[in-house]
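Heads up: the sequence shown is residues 6 to 556, going by the working numbering. We put the beta carbon where it would ideally sit given N, CA and C, even for glycine. Values in this document were obtained by computation on a predicted structure and should not be read as measured data. What follows is a single structure, written as structure tokens, with notes after it.
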Amino acid sequence: DQLTDWIDRVHGPTELIYSDFRPVPLQFHFCSPKGLFPLLDDSGKRVNPRLKPKGGKGAKGNRGRTPRQETPNLAFLLSQLQQRDMLPAIYFIFSRKGCDQAVADVSALPLLVNEAEAEQLRSRVDEFLARNPEAGRADQIEPLYRGIAAHHAGILPAWKGLIEELFQQGLIKVVFATETLAAGINMPARTTVISSLSKRTDLGHRLLTASEFLQMAGRAGRRGMDILGHVVTAQTPFEGAREASYLATSPADPLVSQFAPSYGMVLNLLQTHTLEEAKELIERSFGQYLATLYLRPQQDAIDALQAELRQLEAQIASVDWDLLTQYEKLQERLKEERRLLKILQEQAVEMQSGDLPIALSFAVAGTVLSLKGPNVPVANPVPAVLVTKAPSSGQFPLLVCLGQDNRWYVATVGDVVSLRAEIPRVSGADYLSPPTELPLKPGQVRSGTEQTWTIARQIPTPPPLEESAPEVYEQLQRMQTVEAQIQSHPVHGWGNRTNILKRQRRMQAIRDELDDRQEKLSRQSQRHWEEFVSLIDILQHFGCLEWSGVG
């Protein structure tokens, strides 16, 4: 479909005619040390149940590892093919050395050809060697008399030509070949054997692709000569029927463009085309078409972001952005003023807490205190007045106080939250005496009387300690000024200002993402052309190309 669409765009209306019909159908087999078996079940879509490993798919050996499987030897596999009349065969091995070794391994096998074929082979080979004495390799001549040959890039062309001719005539019964034989050479066979389902590449060992497997399998079945073509895969130490059935039932891989600008392409195109024409040709290439398809999700994402941005812009089109910016700045300033206020409050509390023991040593009756601590376990500090001091076993005396709640407290220095020397002393406190039933021990509490209630009502509620320091008060005033500005700002009256701010932030995030995606799309979509231009620059640098300019 991709190829059809590309041709349709470049050359005009094109109709795809698809057919998977084979004049000679293929039958897949699997060879193990136990014999040759059908690879697939009756449906032709799943592995033959007889070939599934015992213990199920996940069967493991010692220490949880998949055990190495026994493999059939080459002589056994060929004997199976000969017994079933499945020769001639092309036996694919993925290395030249492997092909040559296979020829040597089976050279001692009983003849794969009959007497007439053997006589004809000897005659044809001897005749060829008489004409081309340097073409044959000594280790390949005797096996060829027996109907066995190797075919790969390390063999001289004349010798390969002889092998191809003899194989087409049915005189050679097995050819050990590299995968290059699977494409471009007319050497169909009754059977193809694929020795391994994985191969070594520059990037490491990997499983064959479906297209590679089908390319080799497609050599099986001679039109007009065979009713069926046979494809045989063999058990290897690490690959078996499961991998073979997967490849046999997989569709062909998508087409992959091999298009890549090269020095030769640059020189050839610029000899006969202008730079603009060369760019147009590159942009019409199948490689560029596939790159565009690959980038389609990126373009779709850009389109979706642009649509969302337009929608957000329409929703807040009437917003006065200058006012909104002012409001946001005020919010940021308020946040900062609050942060500074908190720091100053903490510093004020810390400073007074450090001076408290000294201040208490000079405190006299009538001094206003705030009590809360281990011996005064209350939720909020209790405003109180110091009435008298009593000896203690510690460094500091006990403090006998009357609280604003008309209760007597016996406290220690550790129970005093603050001493408010700036507040006038409570009159009458120095005439009070603690009740006789009040034990002078830390934590003791007793209720007051009508007489003490008169004094208790005079005890003021002091402001929080952290607000009494001058620097704290000044900072509090600054914060309240900013709060008032926010309260009176026009934007503060907008009921949906939070949503507006969210939309504004989302719009900025969309713009940032759009810039990034569009930059990547532009760079990737021009990749082939940028490579072409870079090659021009290199050729010009070394004096291989005279060009007046690019662009």
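| Asked | Found |
| --- | --- |
| Using DSSP with H/G/I as helix, E/B as strand and the rest coil, what is H16? | helix |
| From S128 to H156, what distance separates their C-alpha atoms? | 20 Å |
| Could you please give the first and the last residue of the uninterrupted alpha helix (DSSP H) stretch that includes K165? | P162 to Q173 |
| Given a cut-off of 8 Å, decide if A80 and L114 are closer than it, judged by their beta-carbon atoms. | yes |
| Taking Cβ to Cβ, would you say S423 is nearer than 8 Å to S375? | yes |
| At 4 residues or longer, what runs of the alpha helix (DSSP H) sit wholly inside the stretch 86-165? | 101-110, 120-136 and 143-150 |
| Give every residue of the same chain whose Cβ lies closer than 7 Å to the Cβ of E455, excluding the five residues on either side of it in the sequence, and list them in chain order. | none |
| Would K394 and P388 be called neighbours here (beta carbons separated by less than 8 Å)? | no |
| Under 8 Å, do F42 and R51 count as touching if we go by C-beta distance? | no |
| Just to confirm, is the Cβ distance from L31 to G226 under 8 Å? | yes |
| For the alpha helix (DSSP H) that Y436 lies in, which residues bound it at each end? | Neither: Y436 is in no alpha helix (DSSP H) and is coded neither H nor E. |
| Helix or strand or just coil, what does DSSP make of A416? | strand |
| Does the stretch 199-216 touch the stretch 128-144, meaning 3 or more C-beta pairs lie closer than 8 Å? | no |
| Is it the case that the stretch 228-237 contacts the stretch 97-115, given that we only count it when at least three CB pairs across the two stretches are under 8 Å? | no |
| Is DSSP giving I378 helix, strand or coil here? | Rather than Ile, the amino acid found at residue 378 in this sequence is Gly. Three-state DSSP puts G378 in a strand. |
| In this structure, how does DSSP classify V475 when only helix, strand and coil are distinguished? | One detail in the question is off: residue 475 reads as Pro in this sequence, not Val. It is helical. |
| Could you spell out where the beta strand (DSSP E) holding G234 opens and where it closes? | G234 to A239 |
| What is the rounded straight-line gap between the Cα of R516 and the Cα of P302? | 18 Å |
| In whole angstroms, give me the CA-to-CA distance for A370 and H494. | 51 Å |
| R532 lies in the alpha helix (DSSP H); which residues open and close that run? | R532 to H546 |
| From the DSSP output, in three-state form, read off A182 for me. | strand |
| I95 and R224: beta carbons closer than 8 Å? | yes |
| Does the beta-carbon distance from I491 to L328 come in below 8 Å? | no |
| Pick from S48, L506, L391 and R195: whose alpha carbon is nearest that of D90? | R195 |
| In the structure shown, what three-state DSSP assignment does R227 receive? | coil |
| Looking at the secondary structure, which residues open and close the alpha helix (DSSP H) in which I460 lies? | E455 to A461 |
| Helix, strand or coil: which one does DSSP assign to Q32? | strand |
| Give the straight-line distance between the Cα atoms of L5 and L280, rounded to the nearest whole angstrom. | Residue 5 lies beyond the stretch modelled for the chain, which goes from 6 to 556, so this question has no answer here. |
| Just the Cα atoms here: how many angstroms apart are E20 and T9? | 7 Å |
| Check whether the Cβ atoms of E518 and L219 sit closer than 8 Å, and answer yes or no. | no |
| Can you find a C-beta in chain B that's less than 8 Å from the C-beta of K284? | The structure shown contains no chain B, having only a single protein chain. |
| Just checking, does the stretch 341-356 make contact with the stretch 473-488 on the three C-beta pairs under 8 Å criterion? | yes |
| Is there contact between the stretch 501-514 and the stretch 290-306, where contact requires at least three CB pairs shorter than 8 Å? | no |
| Take S100 as the anchor and find which of P475, R205 and I541 has the nearest alpha-carbon. | R205 |
| Could you pull out every residue in the same chain whose Cβ sits closer than 6 Å to the Cβ of A634, ignoring the five residues on either side in sequence? | Past the boundaries of the shown model lies residue 634; the chain is included only from 6 to 556, so the question cannot be answered. |
| Strictly by DSSP, which residues pair up with A395? | L403 |
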